[in-house]
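Novice: A single structure is presented below for examination.
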Ligand SMILES: NC(=O)c1ccc[n+]([C@@H]2O[C@H](COP(=O)([O-])OP(=O)(O)OC[C@H]3O[C@@H](n4cnc5c(N)ncnc54)[C@H](OP(=O)(O)O)[C@@H]3O)[C@@H](O)[C@H]2O)c1
């Protein structure tokens with residue numbers, strides 16, 4: 011059975027939909043913290059069970075009969091808790107149940123030296139996978155295009171994208187990444203260890219996004235540089251927690267250092283088509 015975790019999240023929902031276009035529903039099991047959210051999926055024949063990365067027993071039950079499992083990375087870091095302990099529990103259970111391969115949603119910037127805190131967690135998780143003795147694939151996702159919209163929602167609304175110096179980012183959409191993840195989970199192609207960066211076909215910074223938004227909306231959207239201290243003060247004023255502030259500051263530093271900039275053709279090759287462009291993402295978001 012193919013198990014998808016995080017199936018009530020944004021990426022996981024799309025992975026399950028893509029998977030159901032490739033394999034019959036009875037071969038798919040999902041593991042979620044709240045199965046009540048997925049009664050419609052259960053009605054379509056998908057096995058829905060409760061599973062929490064903080065509770066190994068729940069994962070043992072939710073992953074019963076697993077052949078391949080997609081471990082969607084925990085977002086615990088942003089709430090100030092430790093995602094690595096959760097990932098360790100999940101990897102241990104996958105091994106115990108004899109999974110033939112574990113897939114993990116990593117990031118293109120995964121590195122122990124990254125300035126972006128989640129990228130250091132991804133590198134640590136990849137190291138755990140390498141030491142686990144399991145066959146593993148780290149899906150090195152490009153930076154989510156939806157994060158560009160989320161982080162700059164206010165900026166697009168006000169016509170001013172405000173932040174410290176950034177850098178080019180090879181944005182990728184949840185839809186494209188989920189489709190690629192599903193194809194690999196279904197066995198279309200095998201990557202041992204980390205995949206190449208799974209990115210869109212262009213690398214754009216905030217000034218580029220402002221330019222595209224101006225063209226699309228016929229309204230001037232500008233890019234305004236501020237210092238890191240002003241960013242931190244602004245985040246503080248809007249009530250952001252310390253872990254979230256550190257992730258956002260780390261994003262700017264890592265982007266400026268070029269950590270998210272590499273464009274790679276692997277995602278397009280897996281999909282058999284061009285990945286979505288930020289122009290399309292912005293068109294939808296700003297409509
Ligand atoms: N590549 C990038 O640029 C990028 C950007 C942002 C995030 N990410 C990472 O990618 C992951 C997926 O992104 P997304 O957009 O789909 O985020 P999302 O909608 O917040 O989904 C995260 C999923 O993880 C599940 N989860 C969290 N803690 C869990 C636990 N203790 N046990 C079991 N499941 C747990 C959540 O379950 P519930 O549905 O029960 O809450 C949710 O389904 C994120 O968690 C984050 O690690 C990557």
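In this note's numbering, the protein residues as written are 11 to 297.
Note that the Cβ used here is the ideal one computed from N, Cα and C, for glycine as well.
1) Let me make sure I understand the geometry here. Which of 225, 140, 200 has the alpha-carbon closest to that of residue 78?
2) By DSSP's criteria, residue 65 is part of a beta bridge. Which residues make up the other side?
3) What does the alpha-carbon distance come out to for the pair residue 196 and residue 176?
4) So which of 111, 247, 216 has the shortest CA-CA distance to residue 76?
5) Does DSSP classify residue 20 as helix, strand or coil?
6) I need the DSSP call for residue 90, collapsed to helix, strand or coil.
7) In angstroms, rounded to a whole number, what distance separates the CA positions of residue 81 and residue 113?
8) Terminal residues of the continuous alpha helix (DSSP H) containing residue 270?
9) For the alpha helix (DSSP H) that contains residue 205, what are its first and last residues?
10) If you count every other CB in all the chains shown that lies within 10 Å of the CB of residue 141, and 16 or more means buried, which is it?
11) If we count the other Cβ atoms within 10 Å of its Cβ and call it buried at 16 or more, is residue 235 buried or exposed?
12) Which one of 126, 231, 159 has the shortest CA to CA distance from residue 314?
13) Helix, strand or coil for residue 126? Go by DSSP, reduced to three states.
14) Which whole-angstrom value describes the C-beta separation of residue 189 and residue 281, a residue pair presumed to lie in contact below a C-beta threshold of 8 Å?
15) Less than 8 Å between the CB atoms is what I'm expecting for residue 206 and residue 150, so what's the real figure, rounded?
16) Jot down the residue ranges of each uninterrupted beta strand (DSSP E) in the region 132 to 156, minimum 3 residues, whole runs only, in chain order.
17) What does DSSP give as the partner residue(s) for residue 55 in the beta ladder?
18) Helix, strand or coil: which one does DSSP assign to residue 198?
19) Between residue 269 and residue 124, which are expected to be in contact by the criterion C-beta below 8 Å, what is the C-beta distance as a whole number of angstroms?
20) Are the region 168 to 182 and the region 51 to 67 in contact at 8 Å, needing three or more beta carbon pairs?
21) List the whole-angstrom C-beta distance separating residue 115 from residue 291, where the pair is believed to meet the contact cut-off of C-beta under 8 Å.
22) Hey, out of 240, 96, 47, whose CA is closest to residue 258's CA?
23) Leaving out five residues on either side along the sequence, give the residues of the same chain with a beta carbon under 6 Å from the beta carbon of residue 231.
24) Give a single yes or no on whether residue 20 has its beta carbon closer than 7 Å to a heavy atom of ligand 1.
Specialist: This is what the structure holds:
1) Counting from 1 along the chain shown, the entry for residue 78 is found at position 68. Of the candidates 225, 140, 200, the one whose C-alpha sits nearest the C-alpha of residue 78 is 200.
2) The sequence position of residue 65 within the chain shown is 55, counting from 1. Residue 65 is bridged by DSSP to 62.
3) Within the chain shown, the letter at position 186 stands for residue 196. Within the chain shown, the letter at position 166 stands for residue 176. Straight-line Cα distance between these residues: approximately 37 Å.
4) Position 66 of the chain shown, counting from 1, holds the residue named residue 76. Per the Cα distances, 111.
5) Sequence index remark: in the chain shown, residue 20 carries index 10 (1-based). Note: residue 20 maps to helix in three-state DSSP.
6) For the purposes of this step, residue 90 is identified with residue 80 of the chain shown, where counting begins at 1. DSSP places residue 90 in coil when its eight states are reduced to three.
7) Within the chain shown, the letter at position 71 stands for residue 81. Within the chain shown, the letter at position 103 stands for residue 113. Rounded to the nearest angstrom, the two C-alpha atoms are 6 Å apart.
8) Start at 1 with the first residue of the chain shown, and residue 270 comes out as number 260. Taken as a continuous stretch (DSSP letters only), residue 270 belongs to no alpha helix (DSSP H), as it is neither H nor E.
9) Numbered from its first residue, the chain shown carries residue 205 at position 195. First-last for residue 205: undefined, no H or E at that position.
10) Here the question's residue 141 lines up with position 131 in the chain shown. The residue in question, residue 141, is exposed, as its Cβ has fewer than 16 Cβ neighbours within 10 Å.
11) As a working note, residue 235 is residue 225 in the chain shown. The C-beta of residue 235 has fewer than 16 other C-beta atoms within 10 Å across all chains shown, which makes the residue exposed.
12) No information on residue 314 is available, as it lies outside the stretch 11 to 297 that the chain covers here.
13) Position 116 of the chain shown holds residue 126. Here residue 126 sits in coil by DSSP.
14) Here residue 189 refers to the residue found at position 179 when the chain shown is read from its first residue. Here residue 281 refers to the residue found at position 271 when the chain shown is read from its first residue. 6 Å between Cβ atoms; contact.
15) If you number the chain shown from 1, residue 206 lands on position 196. If you number the chain shown from 1, residue 150 lands on position 140. Contact between residue 206 and residue 150 holds, with the beta-carbon distance rounding to 7 Å and staying under 8 Å.
16) List check, beta strand (DSSP E) in window: 146 to 151.
17) Sequence index remark: in the chain shown, residue 55 carries index 45 (1-based). Paired residues: none, contrary to the question.
18) As a first step, residue 198 must be located in the chain shown, where it is residue number 188. Coil at residue 198, not helix or strand.
19) Residue numbering aside, residue 269 sits at position 259 when the chain shown is read from its first letter. Residue numbering aside, residue 124 sits at position 114 when the chain shown is read from its first letter. So it is a contact: roughly 6 Å between Cβ atoms.
20) Contact fails: fewer than three Cβ-Cβ distances are below 8 Å.
21) The residue given as residue 115 occupies position 105 in the chain shown. The residue given as residue 291 occupies position 281 in the chain shown. About 19 Å; that fails the 8 Å criterion.
22) The residue given as residue 258 occupies position 248 in the chain shown. The shortest Cα separation from residue 258 among 240, 96, 47 belongs to 240.
23) Residue 231 sits at position 221 when you count from the first residue of the chain shown. Contacts found: 169, 220, 223, 224.
24) By one-based count along the chain shown, residue 20 stands at place 10. Yes - ligand 1 has a heavy atom lying nearer than 7 Å to the Cβ of residue 20.
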